[in-house]
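Chains as they are written, first to last, in my numbering: chain A, 1 to 267; chain B, 268 to 960.
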Amino acid sequence: MKRLAIAFILPAFLLAASLSGCKEKIKITDPTENLIAIGSGVNNGYLIEVFSDDSLMTGYNKLYVRVKNNATEEVLNGFTITFAPMMDMGTMQHAAPVENPGKADADGLYEGAVVFIMPSTAGTWTLGVHAEDAQGNVADIDLIPMVGMPAEARILSFESDIDASKLFVSLCAPRNPEVGLNDFELAVHKKESMMSFPPLDGLTIKIEPEMPSMGHGSPNNVDPVSVGNGHYLGKVNFTMTGYWKVNLTILQGQDTVKSHLAFDITL
Amino acid sequence: MAGIEPPGFYYNSYKMNSKYLYILLLSIAVPLAAAAQQLPDTFRAAPWMQLRDSAHAVVLHQIMISKDCGDAREGSGQRPMRSIDEYVEATPSLSLMSRGAFGKEPMLRGMNTDRLRVTVDGMPVMYACIGKMDPATSYVESNNLDRIEVQSGGDELAFTSSPGGTLNLKTLDPKIGSEDKHYGRAGAEFQSNGAGRSAFLKWGRSSENWGVLINSTWRARDNYSDARGNPIDFSQYRKANLAMALKWRPGKKNIVDADLILDEAWNVGYPALPMDVPRASAQLFTLEWKSYRPRGKSDERSLRFFSNRVLHVMNNYTRDDGSMRMDMPGESAVIGISTWIKWQPGEKQTLRVKSEWMHTTAVASMTMFPEGEKEMYMLTWPDIAKESWAGFMAYTLGRKEVEWEGSLRLETQLSHSRSAMGISQWEALGQDISKPDTRFLGGGGLTWRYHKERTFSLEAKSSVNLRAPTVSEQYGLYIYNASDAFVYLGNPALPNEKSLQISLGANYDNKVLQAGAECYAYAFRDYIIAGIDTNLLPLNDQQSGVKVYRSIKAAHLFGGNVHFRVQLLPHLTLMLRADYVDARDFEGNYLPFIPPLKGSATLRYARGKFDLSAEISGAASQNKVSRYNGEDATASYFLVNVNAAYNYKVLSLKGKLLLTAKNLTNTYFWDHLDWNNVPRPGRNIILSTVIDF
C-alpha cells in the first residue's frame with residue numbers, strides 16, 4: 001500500500017509544483033526614468049523641465065512638465081502650465097494645436113500635448129512654456145525642440161470636402177502597436193487661423209484595417225467615437241505582425257468630410 | 268444512456284443494415300473485389316497478449332495484436348523494410364490519410380488523430396505540425412518495431428479518454444538470455460519507382476541480466492512516378508533513425524527498460540500541399556521499472572517516466588509558384604510519469620489501477636516575407652500547455668468460459684496559453700484565453716467475453732467517452748487546410764465531445780481455419796467539426812474562406828471488418844479481408860473522409876527455401892462525400908502485388924533475398940483518403956536483402 005500511496009502522491013506533487021507561480025517584486029522608480037528630456041530653463045527662480053515619451057516627431061506628442069524651486073529642488077504642484085509652440089518659416093509664422101496640462105499628478109508631472117504639424121526641417125520650432133500659480137508667481141521659458149519625421153506618418157492634413165476648412169487628424173494610439181486588440185485614438189483639430197487650432201468634436205469616424213500584401217483585414221475593430229477635446233477612441237485589431245494600413249472615412253452627420261485617408265502602421 | 272443517440276441513429280442504422288450485410292457477403296464471396304496492401308499473418312486477433320519478457324511471461328489484459336512486425340514476423344515472407352505506413356495500411360480497421368509519400372496519418376475505425384491517440388511504447392507523442400504531416404508513426408522505423416497494438420471499444424480508457432482508441436507502436440525489446448551473445452542483422456533495399464533506397468543495421472548483445480539493442484535505419488526516395496509515367500513533384504524524402512534500447516534485470520523479479528529514439532527527416536516533399544518540410548526531428552525517451560514480486564495480493568507493478576520532443580519545420584522555399592515565402596515551424600513536447608499496479612483480490616479476479624501525470628506543450632507560428640516589407644508573423648498554436656492527471660481502474664471477473672470487465676477513467680485536464688501574444692490574438696477574436704481551461708474527462712466501459720477453449724471467442728464491448736478538443740480545435744489560429752483551401756479557427760469555448768460506443772467481435776481459430784469479424788457503432792453528442800463562418804474573412808484571396816470548429820448536436824459512425832484465413836494445401840494459404848465504415852451527422856450528412864470499402868485477397872505458397880505470395884487488393888468507389896469538406900467522389904481501383912522470397916546461406920550466415928512488385932499491373936489510381944487526388948505510384952519493382960549475423 002505504501003507504494004501505491006507514493007504512486008498517487010508523486011504525480012499530485014508534481015502537479016502542484018508546476019502550478020505554483022512566482023511573485024512580483026515592487027520597485028520605486030523615478031517618474032521621469034522612462035521619459036526623454038526635451039529641455040529645461042530657469043526663470044524667476046523656478047526650474048522648468050519638459051519631458052516626452054519619445055523624441056519629438058511630427059504629429060501628436062505627449063509632454064510632461066515639472067516645476068521645481070531652483071534653490072531647494074522642491075517639486076511644485078500648484079502651477080498652471082500653458083504651451084505656446086511656434087513655427088518660424090522665415091516668410092511666415094504659425095502655431096500648432098496644443099492640449100494644455102491640468103493639475104500635476106502624484107509625481108509632480110503636468111501632462112499635456114502638442115501636435116507638431118511639420119518637422120523642424122521646414123523651419124524653426126520654438127516651444128514657449130508658461131507657468132503661473134494662484135499667488136501670481138510666473139515663470140516663462142522658451143525651448144527650441146527638434147521635431148523629426150517618423151518613418152510612418154502620424155498626422156494627416158487635408159481640406160474638408162464640406163467647407164474646405166483645413167483639418168489635422170493625428171494618431172495618438174497605438175504608440176507601440178502589438179498583435180491583437182489595440183486602443184485606437186485619434187485627435188482632430190481644425191485650423192481657424194495661423195494661430196488658432198481648436199479641437200473638433202462630434203465627427204463620425206470609420207476605420208478599416210487592411211494588410212495590403214495579403215489583401216485581408218481583421219475582425220472585431222471598433223470605430224473611434226468622440227470623447228471630447230477633439231479625441232476619438234476605438235479599437236484596432238492586428239491579427240499578425242507586418243505592414244498594415246488603417247483606412248479612415250470621416251463624416252459630419254451624413255456628409256463626408258474625407259474618405260480614402262489611411263495611416264500606415266508596421267508592427 | 269439510450270438518450271445519447273441522435274434521433275436519426277436507429278433509422279439510419281436500420282436502413283444501412285441490409286446494404287451493410289450485402290457488402291460484407293459480397294466481399295467474402297467476391298474477395299478479389301477489394302483493398303489495401305495486405306500481409307500474410309496479419310489476422311492474429313489474440314484474446315490475450317503475452318508480454319515477451321524472457322524472464323516472465325505476463326498475461327496482460329486483452330489487446331488486439333493487429334500486426335507483428337520486426338523480428339516477430341520472421342517467416343512471413345514479406346519485405347523486412349516495409350515502411351510503418353505499409354504495416355498500418357494492412358491492419359484491419361486502420362487506414363491512412365495521405366498528403367504525400369511520407370508521414371501518412373493513421374485512422375482507426377474511420378477516426379483520425381483528433382480522436383485517436385498514437386503512442387510509442389505506451390508514451391503519447393504529439394504531432395508538431397499544424398497540418399498533421401508528422402504523426403507519431405513517422406518517427407518510428409518498422410525494423411525496430413515489434414508489433415502494432417490497437418486498442419478500442421473501451422480498452423483505450425487505460426491510455427486516453429478519446430473514443431477512437433489507441434494505436435501503440437511497441438518497439439523491439441533487447442533479448443536477455445543465459446549466455447553472452449552478440450546478434451545482428453543488416454539489410455538493404457532498392458525500389459525502381461523513385462529510386463527508393465534504404466538500409467539498416469541492427470546490433471544487439473544479450474547477457475544473463477542485461478541486454479542492449481541498437482538499430483539504425485536510413486531511407487531515401489526521389490520523386491516517384493504515377494502509372495502514366497508522370498513524375499509527381501515534391502514526393503521525395505530523406506530520413507534517418509537511431510533507436511537504442513537497454514534492458515536490465517537488477518533482481519530476479521525486477522526489470523528496468525530504457526528506450527531512446529532519435530529520428531531526423533529532411534527534404535520531405537508533400538505533393539498534396541503547398542509546402543514542404545526541410546526538417547522534422549524527434550527525440551523520444553522512456554524509462555520503466557517493472558516488478559513481478561508478489562506482495563500481498565499484488566504481483567505486478569510498474570513505474571514509468573517518459574518524455575519526448577518533436578520539432579517540425581515547414582516552408583515553401585522550394586515551390587516556384589510565385590507565392591510569398593512562408594515559414595511555418597511547430598514544436599511539441601510531452602513529459603509524464605505513470606504507475607501501473609495489478610492485484611488479484613480473489614480467484615479469477617483482477618484489479619488494475621493506473622495513474623498518470625502528463626504535461627504537453629504545443630507551439631506553432633507562421634511568418635510570411637512580402638518583398639520590400641517587414642515580415643508578417645503570427646502564432647497558429649498559441650503556445651498551449653496542457654496538464655492532465657488521470658486515474659484508471661479496471662476490474663475483471665472470470666467465470667469458466669465467461670469473463671466480465673468493468674473499467675473507469677477519470678481525468679482532469681488544465682490547459683492554458685503561455686504566450687502573451689497568443690492571448691492577445693485570441694482577445695482580438697473576442698475570446699479570453701488568459702485563464703486556464705479546466706476539463707473533467709474520462710469514461711467508463713463494460714466488456715463481456717466468452718471463449719471456448721482457444722478456438723472460439725465472442726466479445727461484446729461498450730463504453731462512454733468524454734473527449735477534450737485538440738489544440739487545433741480549441742486554440743488553433745488561421746490554420747490552413749490544403750484539402751478544402753479554408754483556414755481554420757479554433758473555439759476556446761467548445762464543450763467536451765461525448766460518445767457512446769458498442770462493438771461486437773467473434774474469432775474462430777483452429778490450425779487450418781482462422782476467421783474473425785468485428786462490427787462497431789458510435790453515437791456522438793456535441794461532435795466537434797469545423798463549419799464555415801461567413802462573417803470572417805480569410806487571410807488572402809487564394810483561400811476559400813474561414814471555418815470555425817463547433818459542436819454539432821450529434822453524429823454517428825458504424826462499420827466493421829472481416830478477415831479469413833484458410834490453409835488450402837499444406838503449403839498453400841488463402842487470406843481474405845474486408846473493411847467498411849460509414850459516418851454521418853444528425854441530419855444524415857456524411858462526415859469528412861470516410862474510408863471506402865476496402866478488401867484484399869492473398870494467396871501464399873511457402874515451401875523449402877521459397878516463399879511466394881500474390882495479392883489483389885482494392886477499394887470500392889466512394890461517393891459518400893462530405894458537405895463539410897470540399898471532397899469529391901473517388902473511383903474504385905484494384906491493385907496486384909506479388910512477392911517472392913528466397914532463403915539462402917552464405918558461409919554460416921543466413922540471408923534472405925526478396926523480389927517484390929507493387930502495383931504490378933501499373934494501375935493509375937488514388938485513394939479517397941489521399942488529399943487533392945495526387946496519384947499513387949505506378950509499378951514499383953523492389954529488390955531487397957537481409958543477412959543475419
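The beta-carbon is built from N, C-alpha and C at its ideal position, and this holds for glycine as well.
Does the beta-carbon of Trp671 (chain B) have 16 or more other beta-carbons within 10 angstroms, so that it is buried, or is it exposed? exposed
Does Leu839 (chain B) come out as helix, strand or coil in the three-state DSSP assignment? strand
Using a Cβ-Cβ distance under 8 Å, would Gln680 (chain B) count as near chain A? no
What residues in its chain sit with their C-beta under 8 Å from that of Gln810 (chain B), if we drop five residues either side in the sequence? Tyr747, Ala752, Phe753, Val754
Length at least 4, wholly inside the stretch 685 to 761 of chain B: the alpha helix (DSSP H) runs in chain order: 687 to 695, 738 to 742
From this set, B:Arg721, B:Ser729, B:Lys667, B:Glu638, which residue's C-alpha is nearest Ser674 (chain B)'s C-alpha? B:Ser729
So Asn807 (chain B) contacts chain A; which residues on that side make the cut at Cβ distance below 7 Å? Met214, Gly215, His216
Do you know offhand how far Asn896 (chain B)'s Cα is from Leu361 (chain B)'s? 22 Å
Test: Ala512 (chain B) CB closer than 8 Å to a CB of chain A: no
Closest Cβ-Cβ distance between Ser574 (chain B) and chain A: below 8 Å? no
Of the residues A:Phe116, A:Val75, A:Ile81, which one's Cα is nearest the Cα of Phe197 (chain A)? A:Phe116
Out of A:Met149, A:Leu171, A:Asn44, A:Asp54, which has the shortest C-alpha to C-alpha gap to Ile205 (chain A)? A:Leu171
Taking only beta-carbon atoms, is Thr331 (chain A) less than 8 Å away from chain B? Not covered by the structure: residue 331 (chain A). The range shown for chain A is 1 to 267.
Rounded to the nearest angstrom, what separates Leu293 (chain B) and Cys786 (chain B) at their Cα positions? Low confidence applies here, because Leu293 (chain B) scores a pLDDT of 37, under 50, leaving its location unreliable; read the following figure in that light. Rounded to the nearest angstrom, the two C-alpha atoms are 16 Å apart.
For a contact meaning CB atoms closer than 7 Å, what does Asn237 (chain A) contact in chain B? Ala695
Best match in B:Val535, B:Leu646, B:Ser474, B:Ala525 for proximity to Ser502 (chain B) [C-alpha to C-alpha]: B:Val535
Rounded to the nearest angstrom, what separates Pro592 (chain B) and Tyr584 (chain B) at their Cα positions? Rather than Pro, the amino acid found at residue 592 (chain B) in this sequence is Arg. Cα-Cα distance, rounded: 6 Å.
So, under 8 Å CB-CB, Leu843 (chain B) and Phe831 (chain B) are touching, yes? Tell me the CB distance rounded to an integer number of Å. 4 Å
Endpoints, alpha helix (DSSP H) assigned at Tyr354 (chain B): 351 to 356
Residue range of the beta strand (DSSP E) that Arg568 (chain B) falls in? 565 to 582
Helix or strand or just coil, what does DSSP make of Ala153 (chain A)? coil
So does the stretch 241 to 260 of chain A actually touch the stretch 202 to 220 of chain A, counting three or more Cβ pairs closer than 8 Å? yes
Return the Cβ separation of Pro430 (chain B) and Gln768 (chain B) in integer angstroms, given the expectation that the two are a contact with Cβ distance under 8 Å. 6 Å
Assigned secondary structure, Thr386 (chain B) (DSSP; H/G/I helix, E/B strand, else coil): strand
Interface residues of chain A facing Tyr584 (chain B) [CB-CB closer than 9 Å]: Going along chain A, no residue has its Cβ under 9 Å from Tyr584 (chain B), so there is no contact; the nearest lies around 18 Å.
Within the same chain, show all residues whose beta-carbon is closer than 6 Å to that of Lys921 (chain B), passing over the 5 residues directly before and after it, in chain order. Asp959
Please report how far the alpha carbon of Val227 (chain A) lies from the alpha carbon of Pro199 (chain A), in whole angstroms. 11 Å
Between Thr249 (chain A) and chain B, is any beta-carbon pair separated by less than 8 Å? no
Mind checking whether Gly772 (chain B) and Glu726 (chain B) have CB atoms under 8 Å apart? yes
Taking the beta strand (DSSP E) that Trp610 (chain B) belongs to, which residues open and close that run? 597 to 610
Could one say the Cβ of Glu640 (chain B) lies closer than 8 Å to chain A's Cβ atoms, at least one of them? yes
Which residues in the same chain have their Cβ closer than 7 Å to the Cβ of Ser76 (chain A), if we skip the five residues on either side of it in sequence? The sequence given here has Leu at residue 76 (chain A), not Ser. Only Val67, Lys68, Asn69 meet the Cβ criterion.
Rank A:Thr241, A:Val225, A:Met240 by C-alpha distance to the C-alpha of Gly234 (chain A) and give the top, closest one. A:Val225
Contacts of Tyr559 (chain B) in chain A (Cβ-Cβ under 7 Å): Neighbours of Tyr559 (chain B) on chain A: none; closest Cβ ~14 Å, over 7 Å.
Excluding the 5 residues preceding and the 5 following Leu540 (chain B) in the sequence, name in chain order all residues of the same chain whose CB lies nearer than 6 Å to its CB. Arg366, Ala749
Contact between the stretch 647 to 661 of chain B and the stretch 623 to 635 of chain B: three or more CB pairs below 8 Å? yes
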